[in-house]
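Heads up, the final residue of the sequence shown is numbered 206 in this note's numbering, and it's a clean run with no missing numbers. No residue lacks a Cβ here, since even glycine has one placed at the ideal position from N, Cα and C. Report on the following structure.
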Amino acid sequence: MSVACNGDGESIYALPTRNMAVQRINRLIRKMDMKEVEADLISPTRAETNPGVYVCEVSLEDWKRYVKSEQQALVSRAMAWKDGKIYIVELPGWIHDNFSRFLDIVVVRAARTFDEHLQSRGSSYVDNLEHIEPDSSFGPAPGFGATPPIGLKWGEYHTLKVEVGVARGWPDLDEKAIQWSEFPGVEYILLIRLSPALRVHQYKLS
1 MSVACNGDGE SIYALPTRNM AVQRINRLIR KMDMKEVEAD LISPTRAETN
51 PGVYVCEVSL EDWKRYVKSE QQALVSRAMA WKDGKIYIVE LPGWIHDNFS
101 RFLDIVVVRA ARTFDEHLQS RGSSYVDNLE HIEPDSSFGP APGFGATPPI
151 GLKWGEYHTL KVEVGVARGW PDLDEKAIQW SEFPGVEYIL LIRLSPALRV
201 HQYKLS
């Protein structure tokens with residue numbers, strides 16, 4: 001008996017279930033008032049231990065499906081999966097996004113060889129590891145002696161991970177750093193904390 005599969009080797013009969021999970025998350029996100037979400041995230045009375053704005057309960061497998069989907073009502077890196085629940089932790093905004101793009105340029109230029117030795121890898125996740133995404137990542141260029149860890153492709157070999165928190169406080173950023181420290185190949189983790197009014201500029205490098 002043959003089973004019809006897509007290009008990833010997954011049965012096409014599993015696709016409706018996968019799509020339904022993504023559609024459900026998208027539907028719930030679209031029902032949310034993003035102005036209220038933003039106000040809650042940047043509220044001065046919000047505790048730094050607050051996990052974020054609750055979206056829904058979802059299995060880890062369905063969350064991974066959302067991360068891999070190109071049909072996202074809200075970019076997955078703006079959210080976090082914690083103990084079977086999805087929370088919005090950082091809405092895209094001019095401070096967060098512009099700073100992340102600026103940092104990409106500055107880090108590559110600091111290498112003094114542009115992308116000849118160090119390359120920007122963006123906010124990509126690694127498919128065969130935990131599906132979490134950085135704000136920026138960097139890794140060595142192929143061809144000058146570096147060897148990626150076993151099981152990782154060149155594009156998945158990241159030696160520097162960067163997290164930028166505007167709504168996210170230090171507890172959340174530190175938790176993300178612990179997750180990145182367990183990833184093969186990661187040597188440095190840069191955490192940057194900016195306040196919504198840019199009165200706070202803090203960083204940690206580990």
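- For the region 146-192, the full-length alpha helix (DSSP H) segments reaching 4 residues or more read 170-181 along the chain.
- Annotation: the continuous alpha helix (DSSP H) that includes I95 extends over W94 to A110.
- Within a 10 Å sphere around the beta-carbon of A197 sit fewer than 16 other beta-carbons, which makes this residue exposed.
- Cβ-Cβ distances below 6 Å link P149 to P184 and G185 in the same chain, with the five nearest sequence neighbours on each side left out; the list follows chain order.
- Counting of Cβ neighbours within 10 angstroms places Q119 among the buried residues, the total reaching 16 or more.
- Under the three-state reduction of DSSP, A80 is assigned to strand.
- Taking a contact as a CB-CB distance under 8 Å, the pair A167 and V89 counts as one, their CB atoms being some 7 Å apart.
- V75 is positioned such that its CB atom lies no closer than 9 Å to that of V162.
- For Y66, the enclosing alpha helix (DSSP H) stretches over residues L60 to K68.
- Per DSSP, reduced to three states, the secondary structure at L194 is strand.
- For K85, the pairing in a beta bridge is given by DSSP as E57 and K82.
- For K204, the enclosing beta strand (DSSP E) covers residues H201 to L205.
- Y87 has its alpha-carbon roughly 13 Å from the corresponding atom of M34.
- Taking the CA atoms as reference points, S137 sits about 21 Å from P171.
- When secondary structure is reduced to three states using DSSP, Q71 falls in the coil class, being assigned neither helix nor strand.
- A21 is not a Cβ neighbour of D83, given a cutoff of 9 Å.
- Taking all protein chains shown into account, D97 has fewer than 16 neighbouring C-beta atoms within 10 Å of its C-beta and is therefore exposed.
- Assigned with DSSP and collapsed to three states, L28 falls in helix.
- Nearest neighbour of L103 by Cα position, chosen from L160, R30 and D40, turns out to be L160.
- Taking the C-beta atoms as reference points, I192 is found nearer than 9 Å to V164.
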